[in-house]
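A short write-up of the structure that comes next.
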Amino acid sequence: MSSNIGHDANALWKHYDESVDESFLIAHQQMHVSILSIGSFAGRLLSGVGSDFLVKKMHASRVWCLVIAATIFVAAQLFAINITNPHFLGLVSSLSGLGYGFLFGVFPSIVAEAFGIHGLSQNWGFMTLSPVVSGNIFNLFYGLVFDAHSVVEPSGERSCDDGLACYRAAYFVTLAACGLGLAVTLFVIRHQQKQREKEAGKRSLED
115 MSSNIGHDAN ALWKHYDESV DESFLIAHQQ MHVSILSIGS FAGRLLSGVG SDFLVKKMHA
175 SRVWCLVIAA TIFVAAQLFA INITNPHFLG LVSSLSGLGY GFLFGVFPSI VAEAFGIHGL
235 SQNWGFMTLS PVVSGNIFNL FYGLVFDAHS VVEPSGERSC DDGLACYRAA YFVTLAACGL
295 GLAVTLFVIR HQQKQREKEA GKRSLED
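Mapped onto this note's numbering, the consecutive letters of the sequence shown carry residue numbers 115 to 321.
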(Lines of atoms letter the chains of each structure in order from A; the text may use other names.)
(Lines give C-alpha, C1' and ligand atoms only; values in the text may rest on other atoms or scores of the structure.)
Protein backbone atom coordinates (compact mmCIF):
# COMPACT_ATOMS: atom_id res chain seq x y z
CA MET A 115 0.00 0.00 0.00
CA SER A 116 3.05 2.25 -0.05
CA SER A 117 2.12 3.46 -3.54
CA ASN A 118 -1.10 4.92 -2.09
CA ILE A 119 0.47 6.96 0.71
CA GLY A 120 -0.09 10.11 -1.38
CA HIS A 121 -3.84 9.46 -1.47
CA ASP A 122 -3.77 8.88 2.29
CA ALA A 123 -2.10 12.25 2.81
CA ASN A 124 -4.59 14.03 0.55
CA ALA A 125 -7.60 12.49 2.27
CA LEU A 126 -6.37 13.24 5.79
CA TRP A 127 -5.28 16.80 5.06
CA LYS A 128 -8.52 17.72 3.25
CA HIS A 129 -10.52 16.43 6.21
CA TYR A 130 -8.17 17.94 8.83
CA ASP A 131 -7.80 21.40 7.27
CA GLU A 132 -10.17 22.51 4.52
CA SER A 133 -7.97 25.53 3.73
CA VAL A 134 -5.07 23.51 2.28
CA ASP A 135 -4.35 24.14 -1.40
CA GLU A 136 -3.08 21.92 -4.19
CA SER A 137 0.57 22.98 -3.84
CA PHE A 138 0.48 22.12 -0.13
CA LEU A 139 -0.91 18.66 -0.86
CA ILE A 140 1.65 17.97 -3.59
CA ALA A 141 4.49 19.02 -1.29
CA HIS A 142 3.31 16.62 1.40
CA GLN A 143 2.88 13.80 -1.10
CA GLN A 144 6.49 14.29 -2.20
CA MET A 145 7.61 14.42 1.42
CA HIS A 146 6.08 11.01 2.13
CA VAL A 147 7.71 9.53 -0.99
CA SER A 148 11.05 10.80 0.33
CA ILE A 149 10.36 9.31 3.76
CA LEU A 150 9.57 5.97 2.12
CA SER A 151 12.84 6.06 0.18
CA ILE A 152 14.90 6.92 3.26
CA GLY A 153 13.17 4.18 5.24
CA SER A 154 13.84 1.65 2.49
CA PHE A 155 17.52 2.64 2.37
CA ALA A 156 17.83 2.27 6.14
CA GLY A 157 16.03 -1.08 6.06
CA ARG A 158 18.39 -2.48 3.43
CA LEU A 159 21.43 -1.44 5.46
CA LEU A 160 20.04 -2.85 8.69
CA SER A 161 18.93 -6.12 7.10
CA GLY A 162 22.37 -6.72 5.62
CA VAL A 163 24.17 -6.16 8.90
CA GLY A 164 21.43 -7.82 10.93
CA SER A 165 21.22 -10.99 8.85
CA ASP A 166 25.00 -11.52 9.01
CA PHE A 167 24.88 -10.99 12.78
CA LEU A 168 22.06 -13.52 13.13
CA VAL A 169 23.83 -16.19 11.08
CA LYS A 170 27.45 -15.72 12.17
CA LYS A 171 27.08 -14.61 15.79
CA MET A 172 23.73 -15.98 16.91
CA HIS A 173 23.78 -19.06 14.66
CA ALA A 174 20.13 -18.34 13.91
CA SER A 175 18.13 -18.47 10.70
CA ARG A 176 18.37 -15.55 8.30
CA VAL A 177 14.58 -15.84 7.98
CA TRP A 178 14.28 -13.99 11.31
CA CYS A 179 14.88 -10.83 9.26
CA LEU A 180 11.64 -11.60 7.44
CA VAL A 181 9.91 -11.88 10.81
CA ILE A 182 11.22 -8.41 11.63
CA ALA A 183 10.03 -7.10 8.25
CA ALA A 184 6.57 -8.64 8.69
CA THR A 185 6.30 -7.20 12.21
CA ILE A 186 7.21 -3.75 10.89
CA PHE A 187 4.57 -4.09 8.17
CA VAL A 188 1.95 -5.09 10.75
CA ALA A 189 2.82 -2.01 12.80
CA ALA A 190 2.55 0.19 9.69
CA GLN A 191 -0.92 -1.17 8.87
CA LEU A 192 -2.10 -0.64 12.46
CA PHE A 193 -0.94 2.97 12.34
CA ALA A 194 -2.63 3.45 8.95
CA ILE A 195 -5.91 2.11 10.34
CA ASN A 196 -5.88 4.44 13.34
CA ILE A 197 -4.10 7.69 12.41
CA THR A 198 -6.52 10.55 11.77
CA ASN A 199 -4.06 13.43 12.21
CA PRO A 200 -1.99 13.88 9.01
CA HIS A 201 0.95 15.18 11.06
CA PHE A 202 1.54 11.58 12.21
CA LEU A 203 1.18 9.94 8.79
CA GLY A 204 4.97 9.86 8.59
CA LEU A 205 4.82 6.84 10.90
CA VAL A 206 3.06 4.90 8.15
CA SER A 207 5.40 5.94 5.34
CA SER A 208 8.60 5.49 7.39
CA LEU A 209 7.62 2.04 8.69
CA SER A 210 6.45 0.94 5.23
CA GLY A 211 9.79 1.98 3.73
CA LEU A 212 11.72 0.31 6.54
CA GLY A 213 9.76 -2.91 6.10
CA TYR A 214 10.35 -3.00 2.34
CA GLY A 215 14.04 -2.33 2.89
CA PHE A 216 14.32 -5.19 5.38
CA LEU A 217 12.39 -7.52 3.09
CA PHE A 218 14.20 -6.89 -0.18
CA GLY A 219 17.57 -6.38 1.48
CA VAL A 220 17.73 -9.91 2.87
CA PHE A 221 15.49 -11.90 0.53
CA PRO A 222 18.13 -12.50 -2.20
CA SER A 223 20.42 -14.10 0.40
CA ILE A 224 17.58 -16.34 1.61
CA VAL A 225 16.80 -17.39 -1.97
CA ALA A 226 20.49 -18.16 -2.55
CA GLU A 227 20.64 -20.27 0.62
CA ALA A 228 17.46 -22.15 -0.26
CA PHE A 229 18.10 -22.85 -3.96
CA GLY A 230 21.85 -22.31 -4.36
CA ILE A 231 23.89 -19.68 -6.15
CA HIS A 232 23.45 -21.28 -9.58
CA GLY A 233 20.25 -19.99 -11.11
CA LEU A 234 19.93 -17.24 -8.49
CA SER A 235 18.90 -14.61 -11.02
CA GLN A 236 16.14 -16.84 -12.38
CA ASN A 237 14.88 -17.88 -8.95
CA TRP A 238 14.99 -14.31 -7.67
CA GLY A 239 13.14 -13.18 -10.78
CA PHE A 240 10.31 -15.61 -10.04
CA MET A 241 10.21 -14.43 -6.42
CA THR A 242 9.83 -10.79 -7.47
CA LEU A 243 6.75 -11.68 -9.55
CA SER A 244 4.77 -12.19 -6.34
CA PRO A 245 4.70 -8.53 -5.20
CA VAL A 246 3.79 -7.51 -8.76
CA VAL A 247 0.64 -9.64 -8.65
CA SER A 248 -0.31 -9.03 -5.01
CA GLY A 249 0.56 -5.33 -5.24
CA ASN A 250 -1.83 -4.84 -8.14
CA ILE A 251 -4.59 -6.72 -6.32
CA PHE A 252 -4.16 -4.58 -3.19
CA ASN A 253 -4.04 -1.40 -5.29
CA LEU A 254 -7.26 -2.35 -7.06
CA PHE A 255 -8.98 -3.00 -3.74
CA TYR A 256 -7.67 0.30 -2.35
CA GLY A 257 -9.07 2.05 -5.41
CA LEU A 258 -12.48 0.44 -4.94
CA VAL A 259 -12.60 1.51 -1.29
CA PHE A 260 -11.41 5.03 -2.06
CA ASP A 261 -13.83 5.47 -4.98
CA ALA A 262 -16.74 4.29 -2.82
CA HIS A 263 -16.14 7.29 -0.53
CA SER A 264 -15.32 9.78 -3.29
CA VAL A 265 -17.33 12.34 -5.19
CA VAL A 266 -16.73 13.48 -8.76
CA GLU A 267 -15.60 17.11 -8.90
CA PRO A 268 -16.54 19.49 -11.75
CA SER A 269 -13.10 18.84 -13.26
CA GLY A 270 -13.98 15.15 -13.56
CA GLU A 271 -11.52 14.03 -10.91
CA ARG A 272 -12.57 12.02 -7.88
CA SER A 273 -12.01 13.49 -4.43
CA CYS A 274 -12.62 12.19 -0.92
CA ASP A 275 -12.86 14.50 2.08
CA ASP A 276 -13.87 11.85 4.64
CA GLY A 277 -10.38 11.50 6.07
CA LEU A 278 -9.48 8.07 7.41
CA ALA A 279 -12.80 6.59 6.24
CA CYS A 280 -11.67 7.10 2.62
CA TYR A 281 -9.28 4.16 2.76
CA ARG A 282 -9.41 2.51 6.21
CA ALA A 283 -11.10 -0.70 5.03
CA ALA A 284 -8.29 -1.34 2.54
CA TYR A 285 -5.71 -1.48 5.31
CA PHE A 286 -7.63 -4.19 7.16
CA VAL A 287 -6.99 -6.41 4.13
CA THR A 288 -3.26 -5.61 4.03
CA LEU A 289 -3.08 -6.11 7.81
CA ALA A 290 -4.47 -9.62 7.36
CA ALA A 291 -1.95 -10.28 4.57
CA CYS A 292 0.93 -9.08 6.77
CA GLY A 293 -0.29 -11.24 9.63
CA LEU A 294 -0.38 -14.24 7.29
CA GLY A 295 3.15 -13.46 6.12
CA LEU A 296 4.34 -13.29 9.72
CA ALA A 297 2.75 -16.67 10.47
CA VAL A 298 4.35 -18.26 7.39
CA THR A 299 7.85 -16.98 8.26
CA LEU A 300 7.53 -18.32 11.81
CA PHE A 301 6.42 -21.68 10.39
CA VAL A 302 9.46 -21.73 8.07
CA ILE A 303 11.81 -21.05 11.00
CA ARG A 304 10.21 -23.85 13.01
CA HIS A 305 10.51 -26.21 10.03
CA GLN A 306 14.20 -25.33 9.64
CA GLN A 307 14.80 -26.04 13.32
CA LYS A 308 13.16 -29.47 13.03
CA GLN A 309 15.26 -30.26 9.95
CA ARG A 310 18.47 -29.31 11.75
CA GLU A 311 17.49 -31.41 14.77
CA LYS A 312 16.75 -34.38 12.51
CA GLU A 313 20.10 -34.04 10.72
CA ALA A 314 21.93 -33.71 14.05
CA GLY A 315 20.20 -36.87 15.27
CA LYS A 316 21.27 -38.79 12.16
CA ARG A 317 24.89 -37.67 12.56
CA SER A 318 24.95 -38.73 16.21
CA LEU A 319 23.65 -42.19 15.26
CA GLU A 320 26.29 -42.53 12.54
CA ASP A 321 29.03 -41.60 15.03
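Note that beta-carbon positions come from the ideal geometry of N, C-alpha and C, so glycine has one too.
In the pairwise beta carbon analysis, the region 186-198 is classified as touching the region 278-295: at least three pairs are separated by under 8 Å. In this structure, the alpha-carbon of Trp238 lies about 23 Å from that of Ile186.
The alpha carbon of Ser148 has as its nearest neighbour, out of Val259, Gly257 and Leu205, the alpha carbon of Leu205.
Taking C-beta atoms as the reference points, Gly215 and Phe252 fail to come closer than 8 Å. For the pair Ala183 and His232, the Cα-to-Cα distance works out to about 26 Å. Annotation for Ser208: the continuous alpha helix (DSSP H) segment containing it runs Gly204 to Phe229.
With a cutoff of 8 Å on beta-carbon distance, Ser207 and Ile119 are scored as near each other. Under the Cβ criterion (8 Å, minimum of three pairs), the region 160-179 counts as touching the region 218-229. For Arg176, there is no enclosing alpha helix (DSSP H), as DSSP marks it with neither H nor E.
Look at Val265 here: in three-state DSSP terms it is strand. DSSP places Leu300 in the uninterrupted alpha helix (DSSP H) bounded by Arg282 to Glu320. In the displayed model, Ser244 falls within a helix according to three-state DSSP.
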